[in-house]
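Number of protein chains: 2
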Amino acid sequence: MISLQSYPSMTDYLKSGLYKWAGDARSFDKEGPYIELVTSPNNPDGFVRHSMVNRTGGILVHDLAYYWPQYTPISSATDHDLTLFTVSKSTGHAGTRIGWALVKDPEVAKKMIKFIELSTIGVSRDSQLRAARILEVIINSSQNPGRPESGESFFKISHHLMAERWQLLREAVNRGRFFSLPEFQQGFCQFLNQVSQPQPAFAWLKCEDESVEDCESLLRDHKILTRGGRSFGVGPKYIRVSMLDRDHNFNLFLKRLASIQT
Amino acid sequence: MISLQSYPSMTDYLKSGLYKWAGDARSFDKEGPYIELVTSPNNPDGFVRHSMVNRTGGILVHDLAYYWPQYTPISSATDHDLTLFTVSKSTGHAGTRIGWALVKDPEVAKKMIKFIELSTIGVSRDSQLRAARILEVIINSSQNPGRPESGESFFKISHHLMAERWQLLREAVNRGRFFSLPEFQQGFCQFLNQVSQPQPAFAWLKCEDESVEDCESLLRDHKILTRGGRSFGVGPKYIRVSMLDRDHNFNLFLKRLASIQT
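Below, the structure written as structure tokens:
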């Protein structure tokens, strides 16, 4: 599966004759057929996104890699023409390289299957078997939580962990005026049946301090490896930090972040 | 990994701007840079192949998917600029979708890695782990055959099995004049340290009977599913049959083949 910043580089590097990268959907104004990629919640900032191209004749592809209850309120069932998912962000099994698509038009689905067949001659069977087992386990844990064989609900545990981490990060950031974080609106999560906050897989930090020009470099000096805003088409005041690292690394990150502000 | 007949369809379907399919190397006479794919032993006919384009300025890619001692005498160590291998044909783990390349030029190797990274964002970890284990087991069985922990030599067992099957097939074919098979020259196998016959993974059968126009259809009527010559750029008198099916199916194939000739 593909994350937002991968789409342009893939398209440019592979020089496909089937499509070309046309840039940001907000400023797209070309004639003719088009494909719009809607990544929601968006990577890197975590905001819910909707189609931006204000005309007809296009094909919409919704990349819902991060539309899972531990990251964002599941406000409604998805009902798009073509929706992409991945085990990578739902359970963290990125190395398994398995995604799936919900596709309304059978002809489009057939073309997608043909494309996979020709470009990779099929997806790794080992990965398919592993992904099927992973999904079975998390479905069991959600449908029958607490039973000895199914354990606690995977999504409740993950939601709790993300909530805890985001609270710690916001506390650390709010102790100074050096950084700021996106402010999200809470929403009702139909899956968890409760009001919940967006708590994205990435923190999209902004350096508010005027003396700092390159936030990525500053953090690297403090042994925090991030991805700078320029990779995402914005300025070097922004950086993206993973919220999914192991506990030990996440706690180190908080400590080092705090040391910058003192 | 890719078999011979997959190269053209992949190239045409994906409409890559990086390269175009230029047809059979034997009749290639265009100016400018080119890439020649050498598939040896060749699929479907099993013959050893060498570069055919008689000029300089090209890049050679050797696809040695079938260059394993159970299929063909290993006449020498390979020493090409860029050589492709796969576990698919060496051990039968096609579903694992793992191949590897030996590349002399570090810059070319870097580009190949970059291409894999961008086009698939990395290869399934599950498949990599499984393939590493498979290769470890067959290397152990070859280097320490007969030890309790390593078992019999995988390649010796496979070579023996293929020899047996080819003998049975040749006997069946030679009982009539309906079919013919390629005739191979024997060679010295440096790996098995013995003279051995080519015994390819596919049998490339020709219908010699003049009344038969479409060999694939005839065999289908006798419940033998094959791939006709037209898929490989030759006439419908030829068909390709797998020699790697399970014992039960292979024996059924021989029986049904015999029934055509009586």
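Residue numbers (numbering that gives the first Met the number 0), protein chains in the order written: chain A, 0 to 261; chain B, 0 to 261. For each residue, glycine too, the CB sits at the ideal point set by N, CA and C.
By DSSP, does F46 of chain A sit in helix, in strand, or in coil?
In the structure shown, F46 of chain A falls within a coil segment according to DSSP collapsed to helix, strand and coil.
Could you compute how far the alpha carbon of S39 of chain A sits from the alpha carbon of G31 of chain B?
Each residue's alpha carbon lies about 46 Å from the other.
What are the boundary residues of the beta strand (DSSP E) that K113 of chain B is part of?
Looking at the DSSP string, K113 of chain B is not in any beta strand (DSSP E); the run it does join, the alpha helix (DSSP H), is P105 to T119.
Within the continuous alpha helix (DSSP H) that includes E170 of chain B, where are the two ends?
Where E170 of chain B is concerned, the enclosing alpha helix (DSSP H) stretches over F153 to N173.
Can you check which of these residues, B:S87, B:Q196 and B:S152, is closest to G186 of chain B by C-alpha distance?
Per the C-alpha coordinates, the member of B:S87, B:Q196 and B:S152 positioned closest to G186 of chain B is B:Q196.
For D28 of chain B and chain A, any beta-carbon pair shorter than 8 Å?
Chain A contact via Cβ: absent.
In angstroms with no decimal places, state the Cα-to-Cα distance between L272 of chain A and G150 of chain A.
The structure shown does not extend to residue 272 of chain A, since chain A spans only 0 to 261, so no value can be given for it.
Kindly say whether K14 of chain B, judged by its beta-carbon, lies nearer than 8 Å to any beta-carbon of chain A.
Yes, its Cβ sits closer than 8 Å to a Cβ of chain A.
Per-residue DSSP class, three states only, for V102 of chain B
In this structure, V102 of chain B counts as strand in the three-state DSSP scheme.
Between the stretch 107-120 of chain A and the stretch 139-146 of chain A, do at least 3 Cβ pairs fall closer than 8 Å?
In short, these stretches do not touch, since the Cβ pair count stays below three.
Give a yes or no on whether the C-beta atoms belonging to L117 of chain A and L13 of chain B are separated by under 8 Å.
It is a contact, given that the beta carbons lie within the stated cut-off.
Please list, in chain order, all residues of the same chain as R176 of chain B whose beta carbon is under 7 Å from its beta carbon, the five residues on each side excluded.
Hits under 7 Å: E207.
Proximity to P105 of chain B [Cα-Cα], best of B:A93, B:D80 and B:T90:
Comparing Cα-Cα distances from P105 of chain B to each of B:A93, B:D80 and B:T90, the minimum goes to B:D80.
Three-state class that DSSP yields for K254 of chain B in the structure shown:
Correct three-state label for K254 of chain B: helix.
CB-CB under 6 Å to H61 of chain A, same chain, minus the five flanking residues each way: which ones, in chain order?
Same-chain partners within the cutoff: V37, H79 and T82.
Counting only beta-carbon separations shorter than 8 Å, does D125 of chain B have a partner in chain A?
At a cut-off of 8 Å between beta carbons, D125 of chain B contacts chain A.
Mind checking who Q69 of chain A pairs with in its DSSP beta bridge?
Note: Q69 of chain A sits in no beta bridge, so no partner.
Classify V194 of chain A: buried if its beta carbon has 16 or more other beta carbons within 10 angstroms, exposed otherwise.
Taking all protein chains shown into account, V194 of chain A has fewer than 16 neighbouring C-beta atoms within 10 Å of its C-beta and is therefore exposed.
Using the C-alpha atoms, what's the distance from T95 of chain A back to D125 of chain B?
Their Cα atoms are separated by approximately 6 Å.
Spatial distance of V136 of chain B from S87 of chain B (CA atoms)
Going by the C-alpha atoms only, they are around 15 Å apart.
Would you say F27 of chain A and Y33 of chain A are within 8 Å of each other, going by their C-beta atoms?
Taking 8 Å as the Cβ cut-off, F27 of chain A and Y33 of chain A qualify as a contacting pair.
L251 of chain A beta carbon less than 8 Å from that of P68 of chain A:
P68 of chain A is not a Cβ neighbour of L251 of chain A, given a cutoff of 8 Å.
Whole alpha helix (DSSP H) elements within the stretch 190-239 of chain B, 4-residue minimum
Counting only unbroken stretches of 4 or more residues, the alpha helix (DSSP H) elements lying wholly within the stretch 190-239 of chain B are 214-220, in sequence order.
Which residues of the stretch 107-135 of chain A have a Cβ closer than 8 Å to any Cβ of chain B? Give them in chain order.
For the stretch 107-135 of chain A, which is checked against every Cβ of chain B, the residues closer than 8 Å are K113, F114, L117, S118, T119, I120, G121, V122, S123, R124, D125, S126 and R129.
Where the alpha helix (DSSP H) through L59 of chain A begins and ends:
Taken as a continuous stretch (DSSP letters only), L59 of chain A belongs to no alpha helix (DSSP H), being part of the beta strand (DSSP E) at G57 to D62.
Presumed contact (8 Å Cβ cut-off) between D23 of chain B and G228 of chain B, rounded CB distance:
Their Cβ separation, rounded to whole angstroms, is 14 Å, which puts D23 of chain B and G228 of chain B out of contact at 8 Å.
Relative to the alpha-carbon of G234 of chain A, which residue among A:Q260, A:W203, A:D246 and A:T261 has its alpha-carbon at the smallest distance?
The closest CA to that of G234 of chain A, considering only A:Q260, A:W203, A:D246 and A:T261, is found on A:W203.
Quick one: does R96 of chain B have its CB under 8 Å from some CB of chain A?
It does; some Cβ of chain A falls within 8 Å.
Find the nearest neighbour of N41 of chain B within the set B:T71, B:W20 and B:I58, judged by alpha-carbon distance.
Ranked by Cα distance from N41 of chain B, the first of B:T71, B:W20 and B:I58 is B:T71.
Just the chain B side, please: which residues come within less than 8 Å of S230 of chain A by C-beta, in chain order?
In chain order: nothing, as chain B lies at least about 14 Å away.
Does the beta-carbon of I223 of chain B have 16 or more other beta-carbons within 10 angstroms, so that it is buried, or is it exposed?
Under this definition I223 of chain B is a buried residue.
Classify T10 of chain B as helix, strand or coil using the three-state DSSP reduction.
In the structure shown, T10 of chain B adopts helical secondary structure according to DSSP, grouped into three states.
I want to verify the contact list: residues of chain C whose CB lies under 8 Å from the CB of L17 of chain A, in sequence order.
No chain C appears in the structure shown, which is made up of the protein chains A and B.
Simplified DSSP state of E148 of chain B, which is helix, strand or coil:
Here E148 of chain B sits in coil by DSSP.
Continuous alpha helix (DSSP H) stretch holding T85 of chain B: start and end:
Run containing T85 of chain B: none in the alpha helix (DSSP H); it sits in the beta strand (DSSP E), L81 to T85.
Expressed to the nearest angstrom, what Euclidean distance is found between the alpha-carbon atoms of R245 of chain A and S258 of chain A?
The alpha-carbon atoms of R245 of chain A and S258 of chain A are separated by roughly 20 Å.
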